[in-house]
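Letter by letter, the sequence shown follows residues 1 to 214 of this note's numbering.
Virtual Cβ for every residue (Gly too), placed ideally from N, Cα, C.
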Amino acid sequence: MACRPRPYDVRMKPWVAIGAAALVLASLAACKSTKPSGDHSPNGPTTSTVGHVPVQGQPARTVTVSVSGGCPRTLGSATDVAKQPGQPADRLLPTGQPSAGLICEYTAAKSGSTTVLLHSVLLDAANARRLASAVNHISLQPPTAVFHCPADFFGSDTVIAFAYPSHQNADLWFRTSGCRTLDNGEVSAFEGANPSFYSGFEDAFDSLVPAPAP
Numbered sequence: 001m002a003c004r005p006r007p008y009d010v011r012m013k014p015w016v017a018i019g020a021a022a023l024v025l026a027s028l029a030a031c032k033s034t035k036p037s038g039d040h041s042p043n044g045p046t047t048s049t050v051g052h053v054p055v056q057g058q059p060a061r062t063v064t065v066s067v068s069g070g071c072p073r074t075l076g077s078a079t080d081v082a083k084q085p086g087q088p089a090d091r092l093l094p095t096g097q098p099s100a101g102l103i104c105e106y107t108a109a110k111s112g113s114t115t116v117l118l119h120s121v122l123l124d125a126a127n128a129r130r131l132a133s134a135v136n137h138i139s140l141q142p143p144t145a146v147f148h149c150p151a152d153f154f155g156s157d158t159v160i161a162f163a164y165p166s167h168q169n170a171d172l173w174f175r176t177s178g179c180r181t182l183d184n185g186e187v188s189a190f191e192g193a194n195p196s197f198y199s200g201f202e203d204a205f206d207s208l209v210p211a212p213a214p
């Protein structure tokens, strides 16, 4: 699939991974360029088998989005989705098949102090299940090295909501600049050195969201 630049961000970006014995520089000239091998994290070495959202000072301000309620016009001061009661501690989405989905893509407002809704995409059952399947196949293995992230632009965030027929809805927060991450308020996945993220999930996501106007 061709590269599809998101607002203020493209997937063609340099990554620098500092390992225990060597410095590896990977310059991504195209979407499918080779990324550094191994597991890498913006938070340094770890031995856990599942990535978790780091706790930094005060608790994050969160937002909850539902398919039936639609996309909020702004994320306000939210920096993550709310952790849902009973959500599994070792996966991004609940078990089962979603019946619908909603993608809410945001960008920075002209004032630069808040976000505005850029795209709202309602997903039917087939597309919701295709995207959920890509999410469920993302490796959650935390990295064991350190990445020097590309530019992180304020407001480049997306909330993905899934509706399930038998239990509570599920929300995901997709950070689309800097060191890209996907999390559900507790469990987190990291893009670097993770083909299941940048090829599997991001390709599925890009096929559903309109590319920005040139």
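| Check | Outcome |
| --- | --- |
| Inter-stretch contact (C-beta, 8 angstroms, three-pair minimum) for the segment 168-188 and the segment 118-131 | no |
| Rounded C-alpha distance that separates Leu-229 from Phe-174 | Outside the shown range of the chain, which is 1 to 214, sits residue 229, and nothing can be said about it. |
| Helix, strand or coil at Val-121 according to DSSP, with G and I counted as helix | strand |
| Buried or exposed by the 16-neighbour rule on C-beta atoms within 10 Å, applied to Gly-192 | buried |
| Backbone secondary structure at Ser-41 - three-state DSSP | With a pLDDT of only 39 at Ser-41, under 50, the local geometry of the prediction cannot be trusted, and no value is derived from it. |
| Continuous beta strand (DSSP E) stretch holding Glu-105: start and end | 100-108 |
| Contacting residues, own chain, Cβ-Cβ under 7 angstroms from Leu-75 (five flanking each side not counted) | Val-63, Tyr-106, Thr-115, Asp-157 |
| Burial state of Thr-176, where buried means 16 or more other Cβ atoms lie within 10 Å | buried |
| Range covered by the beta strand (DSSP E) that runs through Phe-147 | 146-148 |
| Alpha carbon of Val-146 to alpha carbon of Arg-180, nearest angstrom | 14 angstroms |
| Beta-carbon proximity list for Thr-79, same chain, < 7 angstroms, skipping 5 on both sides | Ala-60, Arg-61 |
| Span of the alpha helix (DSSP H) around Phe-205 | 202-206 |
| Integer-rounded CB distance, given that Asp-183 should sit under 8 angstroms from Val-65 | Going by Cβ atoms, the distance from Val-65 to Asp-183 rounds to 14 angstroms, so no, they are not a contact pair. |
| Span of the beta strand (DSSP E) around Ile-160 | 157-163 |
| When Leu-172, Gly-200, Phe-197, Ala-163 are compared against Gly-69, the one with the closest alpha-carbon | Ala-163 |
| As assigned by DSSP and simplified to three states, the class of Ala-189 | strand |
| DSSP-derived helix/strand/coil call for Ala-132 | helix |
| Outcome for Ala-134 when other beta-carbon atoms lying within 10 angstroms are tallied against a minimum of 16 | buried |
| Phe-174, DSSP secondary structure in three states | strand |
| Option in Thr-144, Ile-138, Ser-199 with minimal Cα separation from Asp-90 | Ile-138 |
| Exposure label - Ser-41; buried when at least 16 CB within 10 Å | Summary for Ser-41: the model assigns pLDDT 39, below 50, so the residue's position carries little reliability, and this model does not support an answer. |
| Cross-strand partners of Val-81 (DSSP beta bridge) | Val-63 |
| Beta-carbon proximity list for Asp-39, same chain, < 7 angstroms, skipping 5 on both sides | With a pLDDT of 36 at Asp-39, under the threshold of 50, the modelled position of that residue is not reliable, and the figure given next carries that caveat. So the qualifying residues of the chain are Gln-141, Pro-142, Pro-143, Thr-144, Ala-193. |
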